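Residue numbers (my numbering): 18 to 337.
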């Protein structure tokens with residue numbers, strides 16, 4: 018096999034063994050709230066265990082999520098000093114940000130691996146992609162409807178932030194097997210693959226919300242009718258007849274008004290859904306046009322490359 022991990026399922030903390038060419042190499046890896054730390058590979062397991070202990074110390078003394086951007090870097094240097102290790106020379110420590118958004122792109126993605134001297138860039142991306150939405154992420158169960166905790170506007174904001182920060186991270190002089198346009202096209206394609214699933218979840222959420230509203234209105238009407246019935250039992254029939262009649266008419270009038278308001282709300286929701294569908298259609302058309310333009314530019318680039326690399330090309334043609 019190519020590798021085996023001893024990481025725990027809960028914290029993704031462990032020592033990873035990699036088998037290549039008949040030799041075993043090891044390295045330590047740990048993920049804490051989207052921040053991933055990894056050390057250099059080594060055939061000396063004892064050295065990797067020492068590195069793993071450093072990562073365990075980082076996990077145990079990790080600052081609170083609200084204080085992490087300002088306190089993490091000084092804490093790391095204190096820990097390295099305590100263990101008498103240099104993060105670059107002794108551990109070749111690298112950091113990355115893991116972005117988990119299955120409801121947006123159906124998978125998790127990682128930023129490039131950066132050394133300790135670029136921790137500010139790592140934390141900048143972490144703040145935008147993880148800390149900013151941490152409270153809502155924790156409230157989501159694994160397979161729960163995403164719209165139970167995130168409204169469509171916030172979900173669109175989250176996608177915009179993740180897309181911007183992910184593409185920015187790979188554009189900062191990092192080694193990437195894809196061109197920037199191809200990487201953006203791949204990420205947009207993953208987002209488009211999940212569109213149908215998100216639309217179905219949104220429809221289910223709208224149905225659930227309407228059912229809850231109807232249930233609350235029915236419960237309120239039943240309570241009012243029960244109160245009128247209690248008034249009837251408490252007072253004499255002759256003395257309270259007229260008052261009960263007025264109360265009942267008031268309840269019926271409220272019920273009629275509630276039905277009228279409900280009809281207006283349903284009409285508003287229908288118009289809102291139509292407007293949202295039209296907006297979604299325009300966005301899909303714009304994305305399709307952008308992708309088509311990107312493909313056209315790529316084809317033109319490839320055609321230009323083939324034309325410039327013809328065996329019969331002349332110098333004048335190359336300079337034209």
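Cβ coordinates follow ideal geometry from the N, Cα and C atoms, glycine included. Remember, it's a predicted structure, so these values are computed and weren't measured experimentally.
| From what residue to what residue does the beta strand (DSSP E) around residue 163 run? | Residue 163 -> no beta strand (DSSP E), and no H or E assigned at all.
| Looking only at its own chain, which residues have a Cβ that is under 8 Å from the Cβ of residue 25, when we skip the five neighbours before and after it? | Confidence is the limiting factor: at residue 25 the pLDDT is only 36, short of 50, which leaves the residue's position unreliable and the question unanswerable from this model.
| task | Below 7 Å CB to CB, which residues in the same chain sit around residue 92 once its five sequence neighbours on both sides are set aside? | result | 78, 80
| Three-state secondary structure assigned by DSSP to residue 41 | strand
| message | So, for residue 275: in the same chain, excluding its five sequence neighbours on each side, which residues have a beta-carbon less than 6 Å away from its beta-carbon? | response | 234
| task | Please state if the CB of residue 175 and the CB of residue 147 are separated by a distance shorter than 8 Å. | result | no
| message | Let me confirm a value: residue 299 is counted as buried when at least 16 other C-beta atoms fall within 10 Å, else exposed. Which label applies? | response | exposed
| task | Please go through the segment 168-204 and give each complete alpha helix (DSSP H) segment of 4 or more residues, from N-terminal end onward. | result | 169-188
| field | Per-residue DSSP class, three states only, for residue 125 | value | strand
| said: Using CA atoms only, rank isn't needed, just tell me which of 55, 56, 60 is closest to residue 39. | reply: 60
| query | How long is the line joining the alpha carbons of residue 196 and residue 323, rounded to whole angstroms? | reply | 18 Å
| task | Assuming residue 112 and residue 139 form a contact by the criterion Cβ under 8 Å, report the distance between their Cβ atoms to the nearest whole angstrom. | result | 5 Å
| query | Does the distance from the CB of residue 82 to the CB of residue 114 come in under 8 Å? | reply | no
| request: Report buried or exposed for residue 277, applying the criterion of at least 16 other Cβ atoms within 10 angstroms of its Cβ. | output: exposed
| query | Quick one: what does DSSP say residue 79 is sitting in, helix, strand or coil? | reply | coil
| query | Rounded to a whole number of angstroms, what is the C-alpha to C-alpha distance between residue 332 and residue 319? | reply | 20 Å
| Taking Cβ to Cβ, would you say residue 346 is nearer than 8 Å to residue 105? | Any property of residue 346 remains undetermined from this structure, which presents the chain solely from 18 to 337.
| Among the residues of its own chain, which have a CB less than 8 Å from the CB of residue 222, if the five just before and after it don't count? | 162, 164, 165
| query | Given residue 219, which residues of its chain have a CB within under 8 Å of its CB, disregarding the five upstream and five downstream residues? | reply | 164, 169
| said: If you follow the beta strand (DSSP E) that residue 87 is in, where does it begin and where does it stop? | reply: No beta strand (DSSP E) contains residue 87, which is instead part of the alpha helix (DSSP H) from 85-100.
| query | What do you get for residue 66, buried or exposed, if any count of 16 or more other CB atoms within 10 angstroms of its CB means buried? | reply | exposed
| task | Compare the Cα-Cα distances from residue 119 to each of 44, 167, 201, 208 and report the closest residue. | result | 208
| said: My assumption, with CB atoms under 8 Å, is that residue 200 sits in contact with residue 184. Please give the rounded CB distance. | reply: 6 Å
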